[in-house]
């Protein structure tokens with residue numbers, strides 16, 4: 115039995131809410147009474163209605179208790195434990211008890227995760243409901259702001275109804291003259307015909323403009339193709355001055371390397387001359 119398993123077992127029991135304080139030292143030596151209490155408590159956590167007698171006075175009673183607990187775990191929780199190790203009531207019994215506590219602890223963790231997810235979904239639904247209510251509130255405010263304007267407009271229209279009613283009654287009471295009706299219809303027909311002619315003229319102008327633009331586009335395309343061909347030809351032709359340019363480039367590289375060499379020599383000689391002058395000054399100072 116490792117120290118890590120003992121520590122995990124005690125921490126898991128504490129997380130499950132075991133009422134007693136369990137330390138690692140409790141399992142250094144066999145302690146059947148403590149193992150039996152923990153086992154009975156774990157079985158109650160699995161099934162609150164479980165009733166396993168805690169009679170541990172004789173060896174036969176302890177064997178019956180261990181076998182009954184192991185059978186209960188197999189039937190109820192599908193957990194197989196070693197009754198012999200449980201009876202030893204030492205570190206090896208902790209290994210068997212850890213199987214039970216691990217399942218219970220995982221179930222509690224999963225339940226907490228599910229509850230957290232439910233809380234998150236509830237919060238999201240509440241937020242969406244609040245957003246919907248806020249949108250409704252903004253709509254109501256907008257409509258409330260429009261009501262006075264619509265009311266004022268309706269009031270102005272209704273105030274003009276008296277004059278409009280008189281004009282309407284006079285127009286309806288006046289007898290219709292066929293010559294005026296015919297004249298009005300002919301005027302309307304002429305206006306429609308003029309509008310149609312203007313539309314036809316506009317369409318013809320658009321067609322001519324379209325053909326002109328097509329011709330210009332084709333001309334620009336032809337110019338572009340000629341310029342591209344000219345560019346390709348110029349790119350393939352080697353300029354006449356390239357030979358002289360390459361020679362001058364090689365000459366420049368040579369002169370630059372010569373310049374660098376001379377500059378380095380000059381710098382070295384100046385440094386040497388300076389060192390020599392300082393040495394002479396120091397020598398003359400010492401001799402003086």
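Numbering (our numbering), first residue to last: 115 to 402. We treat Cβ as the ideally placed atom computed from N, Cα and C, and that holds for glycine. Quick caveat, the model's predicted, so the values are computed rather than measured.
The three-state secondary structure of residue 131, taken from DSSP, is coil. By the C-beta density criterion, residue 313 is exposed, having fewer than 16 other C-beta atoms within 10 angstroms. Residue 304: member of the alpha helix (DSSP H) spanning 292 to 350, first to last residue. Residue 210 has its alpha-carbon roughly 11 Å from the corresponding atom of residue 119. Between the stretch 196 to 212 and the stretch 144 to 151, the count of Cβ pairs shorter than 8 Å is three or higher; the stretches touch. Ranked by how close their Cα comes to the Cα of residue 151, the residues 255, 180, 356, 174 have 180 in first place. The residue from 259, 126, 361 with its alpha-carbon nearest to that of residue 222 is 126. Burial is judged here by how many other beta carbons sit within 10 angstroms of a residue's own beta carbon; residue 121 has fewer than 16 and is exposed. In the structure shown, residue 224 adopts helical secondary structure according to DSSP, grouped into three states. Taking a C-beta distance under 9 Å as the contact criterion, residue 129 and residue 219 qualify as a contact pair.
Take the alpha-carbon of residue 170 and the one of residue 176: they are about 5 Å apart. Counting along the chain, residue 197 sits inside the alpha helix (DSSP H) bounded by residues 197 to 202.
Separation of residue 309 and residue 315 (C-alpha to C-alpha, rounded to the nearest whole angstrom) is 10 Å. With respect to residue 161, residue 123 sits apart: the two C-beta atoms are not nearer than 9 Å.
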